[in-house]
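Asker: Going left to right, the sequence shown walks through residues 549 to 715 as the working numbering numbers them.
Yeah, the Cβ is synthetic: ideal placement off N, Cα and C, and Gly gets one too.
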Amino acid sequence: MTQVAGRAGRHQLPGEVVIQSYTPDHYSIIHASGHDYLSFVKDELKHRKALHYPPYCRLILVTLSHEQLPLLVRLAENYASDLKARADRKGWFGSLDRFAADALDVLGPVASPIPRLKNRYRFQCMIKWRGTMDAVSLARLVAEELQDSARDTKLQISIDVDPQMLM
Numbered sequence: 549m550t551q552v553a554g555r556a557g558r559h560q561l562p563g564e565v566v567i568q569s570y571t572p573d574h575y576s577i578i579h580a581s582g583h584d585y586l587s588f589v590k591d592e593l594k595h596r597k598a599l600h601y602p603p604y605c606r607l608i609l610v611t612l613s614h615e616q617l618p619l620l621v622r623l624a625e626n627y628a629s630d631l632k633a634r635a636d637r638k639g640w641f642g643s644l645d646r647f648a649a650d651a652l653d654v655l656g657p658v659a660s661p662i663p664r665l666k667n668r669y670r671f672q673c674m675i676k677w678r679g680t681m682d683a684v685s686l687a688r689l690v691a692e693e694l695q696d697s698a699r700d701t702k703l704q705i706s707i708d709v710d711p712q713m714l715m
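1. Given a cut-off of 8 Å on the beta-carbon distance, is the pair L703 and L609 in contact?
2. Under a Cβ-count criterion, where at least 16 other Cβ atoms within 10 Å of its own Cβ denotes burial, should Q672 be classed as buried or exposed?
3. Quick one: residues in its chain with C-beta nearer than 7 Å to the C-beta of N626, no 5 flanking neighbours on either side, listed in chain order?
4. What residues in its chain sit with their C-beta under 7 Å from that of P711, if we drop five residues either side in the sequence?
5. For S613, count neighbouring Cβ atoms within 10 angstroms of its own Cβ and tell me buried if that reaches 16, exposed if not.
6. Within the continuous alpha helix (DSSP H) that includes V589, where are the two ends?
7. Could you tell me the alpha carbon to alpha carbon distance between P603 and V589, rounded to whole angstroms?
8. State buried or exposed for P657, treating a residue as buried only when at least 16 other CB atoms are found within 10 Å of its CB.
9. Quick one: grab the DSSP three-state call for I567.
10. What residue range is occupied by the uninterrupted beta strand (DSSP E) comprising A659?
11. Tell me, to the nearest whole angstrom, how far the beta carbon of G679 is from that of D653; I am working on the premise that it is less than 8 Å.
12. Per DSSP, what kind of secondary structure is D700 in: helix, strand or coil?
13. Does H559 have its Cβ less than 8 Å from a Cβ in chain B?
14. Let me check understanding here. Comparing Cα to Cα, which of A598, A556, M549 and E564 lies closest to H574?
In C-alpha cells form, the structure reads like this:
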C-alpha cells in the first residue's frame, strides 16, 4: 500500500490515495498509513511465528489439475492422505505445534484460488515443514506414485517449493 501510494502525485497535479477496507484497524493498514515499516515487520513476524509460516518454516505448494472434477477431488484427497500417512509413520506429521526438530503439516486439499483454468479444474495442498527432513522428496514420491496408480495421463501435478505466489 505504501509503495502504491507513493506513486500518487508524482506529476504536476497533486495525488490522493484512498484505501477501502473491511478492517481499517488491521495492523498492516495502521502501520502503512504511518509509514512505520519496523512495527509492521514486528507484528507480521509475530503472526507468522504463531501460525508456522516463513521464515519459521518452509512451504511446498502442490497443485493437481484434471478435466474431470469428481476424479480430481478423489485424487487430491488420496494425495493428501497418503502424504499425511507417510509423514506420520516417520513421526513428522502434525507436530508443528510441538517442539519436535522435524515437523510437517498438510493443509488441504482445497480448490485453487483460480479453480478452473483452460478447461482444467485445479486443487491444491500446502505442505508446511521445518527441520532437516526431506519433505520435497516425500512430496515428489507421493506425486509420482499417485500418477502411476491413477493411470491417467490427463492428471497434472506441479510441486512448487517455497512458492512466491499461491495462485
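Answerer: The short version:
1. Here residue 703 corresponds to residue number 155 of the sequence shown, with the count starting at 1. Here residue 609 corresponds to residue number 61 of the sequence shown, with the count starting at 1. For L703 and L609, no; Cβs fall outside 8 Å.
2. Along the sequence shown, one-based indexing puts residue 672 at 124. Label assigned to Q672: buried.
3. Here residue 626 corresponds to residue number 78 of the sequence shown, with the count starting at 1. The residues are L694.
4. Counting from one through the sequence shown, the residue named residue 711 turns up at place 163. So the list reads L607 and L609, once near-sequence residues are dropped.
5. Here residue 613 is taken as the residue at index 65 of the sequence shown, counted from 1. The residue is buried, with at least 16 neighbouring Cβ atoms inside 10 Å.
6. Stepping through the sequence shown from its first residue, residue 589 is reached at position 41. Segment Y585 to L599, the alpha helix (DSSP H) holding V589.
7. Start at 1 with the first residue of the sequence shown, and residue 603 comes out as number 55. Start at 1 with the first residue of the sequence shown, and residue 589 comes out as number 41. Distance between the alpha carbons of P603 and V589 is about 12 Å.
8. Working through the sequence shown from its first residue, we reach residue 657 at position 109. So P657 counts as buried.
9. Within the sequence shown, numbered from 1, the residue matching residue 567 stands at position 19. Here I567 sits in coil by DSSP.
10. To locate residue 659, count along the sequence shown from 1; it is residue 111. Where A659 is concerned, the enclosing beta strand (DSSP E) stretches over A651 to L665.
11. In the sequence shown, the residue the question calls residue 679 occupies position 131. In the sequence shown, the residue the question calls residue 653 occupies position 105. Contact flag wrong, Cβ pair sits at about 12 Å.
12. Position 152 of the sequence shown, counted from the first residue, corresponds to residue 700. Coil.
13. Protein chains in the displayed structure number just one, and chain B is not present.
14. Stepping through the sequence shown from its first residue, residue 574 is reached at position 26. That would be M549, whose Cα lies nearest to the Cα of H574.
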